[in-house]
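One structure below.
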DNA sequence: CTCCTGCCTC
DNA sequence: GAGGCAGGAG
Ligand code: SF4
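Residue numbers (this note's numbering): 27 to 252.
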C-alpha cells in the first residue's frame, strides 16, 4: 500500500472513527441539495461528474440540466454529434474536451457495455474522461458500492487534518489511499458527499472557517493555532 | 502545461 | 487583478 509511512498510517487509523462520526453527524443538518443528488441513476451520476469537473456546483447545474433534458440515456448521447454536446458546456467552459470525452464514453458504453455502466472499477476507468474520482462517484452514488471520492475538497480537508504527518507535497496516490482508508462501509455515499461539502463550506480554500468546524479536535491545522 | 467560462473570495 | 472551482487526457 501507498500508506507505508508508519507515522502517517498510525495517525490516520487512530482518527478514522472520530472523523467518520463527526463528518456523518455534520451531514445530517448541512448536506447541500443539488439536482444530481436526488437520483442515483449511474448515467446521471456520470453526467454530473462530467459537468462538475473543475467547475463550481452552481455553474455545473446549467450543463447538467441541459444534458439530462436532451440526452436521457447513453444511447441518446451516443447518437448526438460532438458539436451538439458542445452546446451544453459553452457556458461552463472546457466545452471541447468535455464534449469529446462524453461522446467517446457514450459510444463505448453503448457498443461494448450494452448501454449501461458496469459496477466495476476497472471497466469504469477504461472509459474516456473517467478517472479515479468519477469512477468512485459512479460506484458509491450510482451503485451503492463502497468507494472513495477524493476530489480537491477532500484533498484540502485531509491535508489540513494531517498537516503535521504528511509530506510537503503529498502525491495524488497518497491522498487517494487516505481517502480509501477513511470512507466507511456504512453510509459511504453520505460520507463522500459530506467531505465535499465540508471542503466547500467550512474547510474552504484560503481561510477555513475553523470556528464552525466539527473536526477541530482531530485537526493538525487547527491545533497549530492558525 | 493546456484545455475554459463565469462567479466568488481574497 | 489573481487565483481557484466535484479532474482527466494528451
Ligand atoms: S478545523 Fe479548520 S482546518 Fe481543520 S478541518 Fe476544520 S476547517 Fe479545516
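For every residue, glycine included, the Cβ atom is placed at its ideal position computed from N, Cα and C.
All figures in this text were calculated on a predicted structure; none of them were measured in a lab.
Please tell me whether, using a cut-off of 7 Å, the distance from the CB of residue i to the nearest non-hydrogen atom of the ligand SF4 is below it.
| i | result |
| --- | --- |
| residue 196 | no |
| residue 186 | yes |
| residue 45 | no |
| residue 233 | no |
| residue 217 | no |
| residue 242 | yes |
| residue 228 | yes |
| residue 247 | yes |
| residue 183 | yes |
| residue 114 | no |
By Cβ distance, which residues of its chain are closer than 7 Å to residue i, with the 5 residues on each side in sequence left out?
| i | result |
| --- | --- |
| residue 125 | 108, 111, 112 and 115 |
| residue 94 | 70 and 73 |
| residue 50 | 213, 216, 217 and 220 |
| residue 101 | 136 and 141 |
| residue 92 | 114 |
| residue 41 | 244 |
| residue 206 | 174 |
| residue 171 | 145 and 165 |
| residue 236 | 242 and 248 |
Between the C-alpha atoms of residue i and residue j, what's the straight-line distance to the nearest angstrom?
| i | j | result |
| --- | --- | --- |
| residue 230 | residue 182 | 8 Å |
| residue 128 | residue 80 | 15 Å |
| residue 149 | residue 30 | 28 Å |
| residue 34 | residue 174 | 19 Å |
| residue 168 | residue 68 | 4 Å |
| residue 104 | residue 185 | 39 Å |
| residue 82 | residue 147 | 26 Å |
| residue 62 | residue 76 | 12 Å |
| residue 241 | residue 187 | 8 Å |
| residue 192 | residue 251 | 18 Å |
| residue 163 | residue 37 | 26 Å |
| residue 138 | residue 144 | 11 Å |
| residue 208 | residue 226 | 19 Å |
| residue 176 | residue 44 | 19 Å |
For residue i, collect the residues of the same chain with a Cβ closer than 6 Å to its Cβ; drop the 5 residues on either side in sequence, then sort them by chain order.
| i | result |
| --- | --- |
| residue 130 | 154 |
| residue 53 | 216 and 220 |
| residue 190 | 246 |
| residue 210 | 46 and 217 |
| residue 197 | none |
| residue 58 | 223 |
Residues in its own chain within less than 8 Å of residue i by CB, not counting five upstream and five downstream?
| i | result |
| --- | --- |
| residue 151 | 157, 158 and 161 |
| residue 118 | 77, 81, 85, 86, 88 and 89 |
Just to confirm, does residue i get its C-beta within under 7 Å of one of the non-hydrogen atoms of the ligand MG?
| i | result |
| --- | --- |
| residue 96 | Among the ligands in the structure shown, the ligand MG does not appear; only the ligand SF4 can be found there. |
Quick check for students: name the residue ranges of the alpha helix (DSSP H) that lie wholly in the region 167 to 234, counting only runs of 4 or more.
178 to 187, 198 to 208 and 214 to 227
Which runs of the alpha helix (DSSP H), 4 residues or longer, sit entirely within the region 131 to 156?
147 to 151
Contiguous alpha helix (DSSP H) assignments of at least 4 residues, all confined to the region 47 to 121
68 to 78, 83 to 96, 100 to 105 and 108 to 113
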